[in-house]
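Taking it in order: structure first as structure tokens, then the write-up.
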Amino acid sequence: MSAKLIDGKKVAESIRNQVREDVIQWMDYGNRRPYLQVIQIGTDPGSTTYIGAKTKACQDVGIGTGTDRLPDTISAKELKQIVKKYNESNQIDGILVQLPLPNHLSAHDVIESIDYRKDVDGFHPMNVGRLAVDQPTFRSCTPAGIFELFKYYSIQVKSKHAVVVGASNIVGSPMAIMLSRENSTGKATTTICHKFTKDLTQHTISADILVVAAGQPNLIKGEMVKEGVVVIDVGINRVADENSDKGYKLVGDCDFESVSKKASWITPVPGGVGPMTVAMLMKNTLLAAKNSIYPENNK
Ligand code: GUN
Numbered sequence: 049m050s051a052k053l054i055d056g057k058k059v060a061e062s063i064r065n066q067v068r069e070d071v072i073q074w075m076d077y078g079n080r081r082p083y084l085q086v087i088q089i090g091t092d093p094g095s096t097t098y099i100g101a102k103t104k105a106c107q108d109v110g111i112g113t114g115t116d117r118l119p120d121t122i123s124a125k126e127l128k129q130i131v132k133k134y135n136e137s138n139q140i141d142g143i144l145v146q147l148p149l150p151n152h153l154s155a156h157d158v159i160e161s162i163d164y165r166k167d168v169d170g171f172h173p174m175n176v177g178r179l180a181v182d183q184p185t186f187r188s189c190t191p192a193g194i195f196e197l198f199k200y201y202s203i204q205v206k207s208k209h210a211v212v213v214g215a216s217n218i219v220g221s222p223m224a225i226m227l228s229r230e231n232s233t234g235k236a237t238t239t240i241c242h243k244f245t246k247d248l249t250q251h252t253i254s255a256d257i258l259v260v261a262a263g264q265p266n267l268i269k270g271e272m273v274k275e276g277v278v279v280i281d282v283g284i285n286r287v288a289d290e291n292s293d294k295g296y297k298l299v300g301d302c303d304f305e306s307v308s309k310k311a312s313w314i315t316p317v318p319g320g321v322g323p324m325t326v327a328m329l330m331k332n333t334l335l336a337a338k339n340s341i342y343p344e345n346n347k
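The working numbering puts the last residue of the sequence shown at 347; the count rises by one with no breaks.
In structure tokens form, the structure reads like this:
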């Protein structure tokens, strides 16, 4: 089998088009333009790239945005004071603190300091908890984007064996929750693998749907998957490439060459999951704006 490509760029564009129309309609009703406040701490080049993509998407769909660039020496107290100011502002709908943070700052503490009603990343324990019990919430953008891909390509999840590799708070854990819940999107039998999993292949080989979010290039090879598997590669890794002007290229967590020979569907890197994450952030920011006027939507 040779896999068909899941075109995240195309699906993300159609979602952004929808958000753009919804923003216009929202403002036609007399509401102010939705606004996303981004906070970057330090100068990590990866974070700068991601924030650039988020800013561009906001501009594309008509969501206002600004980025605070703070020194990596900032104290937890100072950072939380800034977050508090944004929590209290009625001009700001979404607050996003780009991760990772410098070592002296606790991501848990910083995320918990964000008003959960403005947590458009869906990382706050309140939102993760609501996700875990099938309540309306801000769903973490990457897993939510993957479910949009399933929907667009009519990939059935119900009753399948889904294997998630990587158990991060950002992707793996919420993805596993969404896959496994008996709600409208989930209903899959779900296995979570992580760095303590003893025999990874034993699990990946039986996956009907394989979601890989481990941050390790070439972790999954063709011999580790079965014929016809649907592969969602969340990894975005920079590897040295002397043929590229930048000196590196982006690869996922799967060995695309061998895995795509056996898969029925596969996401490319780049152009697969990445654009979906950003598109879902736009959706969540608009939702935050709506919830701020109609809070019963998110009760
Ligand atoms: N770092 C990597 N991905 C993300 C994301 O989706 N949100 C935030 N805030 N930080 C990240």
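Glycine residues also receive a C-beta, built at the ideal position from the N, C-alpha and C atoms.
Taking 6 Å as the line, does the beta carbon of residue i fall inside it for any heavy atom of the ligand GUN?
i	result
Q88	no
L334	no
D163	no
Q264	no
D169	yes
Q204	no
Q139	no
L179	no
Q85	no
L127	no
L144	yes
L147	yes
Run the CB neighbour count on residue i, radius 10 Å, all protein chains shown included, and call it buried at 16 or more, exposed below.
i	result
G78	exposed
M49	exposed
R117	exposed
G320	buried
S161	buried
R80	exposed
P343	exposed
Y164	buried
H251	buried
F244	exposed
L53	exposed
V71	buried
V181	exposed
Y296	exposed
G177	exposed
E196	buried
S188	buried
I152	Per the sequence shown, residue 152 should be read as His rather than Ile. Exposed, since its Cβ has fewer than 16 Cβ neighbours within 10 Å.
R172	At residue 172 the sequence reads His, which differs from the Arg that was named. By the 10 Å Cβ count, H172 comes out buried.
V287	exposed
Pull the bridge partners of residue i from the DSSP assignment, please.
i	result
C302	I268
H152	Paired residue(s): none; H152 is not in a bridge.
N175	Answer is none; N175 lacks a bridge partner.
I314	L53, V279
S239	Reading off the sequence, residue 239 comes out as Thr, not Ser. In the DSSP output, where bridge partners are listed per residue, T239 has V211.
V273	Paired residues: none, contrary to the question.
First and last residue of the alpha helix (DSSP H) that includes residue i?
i	result
N65	56-76
D108	93-109
L127	124-136
V326	322-341
Y200	189-200
A224	220-228
Secondary structure at residue i, three-state DSSP: helix, strand or coil?
i	result
K166	helix
T249	helix
V145	strand
K297	strand
I159	helix
V259	strand
K347	Bear in mind that the predicted position of K347 carries a pLDDT of just 47, short of 50, making it too unreliable to give a figure here.
V86	strand
K206	coil
S308	helix
D182	coil
With respect to the beta strand (DSSP E) encompassing residue i, which residues constitute its N-terminal and C-terminal limits?
i	result
G112	112-118
A288	285-288
I140	Where I140 is concerned, there is no enclosing beta strand (DSSP E), given that its DSSP letter is neither H nor E.
Counting only beta-carbon atoms, is residue i nearer than 7 Å to chain D?
i	result
A180	No chain D appears in this structure, which consists of one protein chain only.
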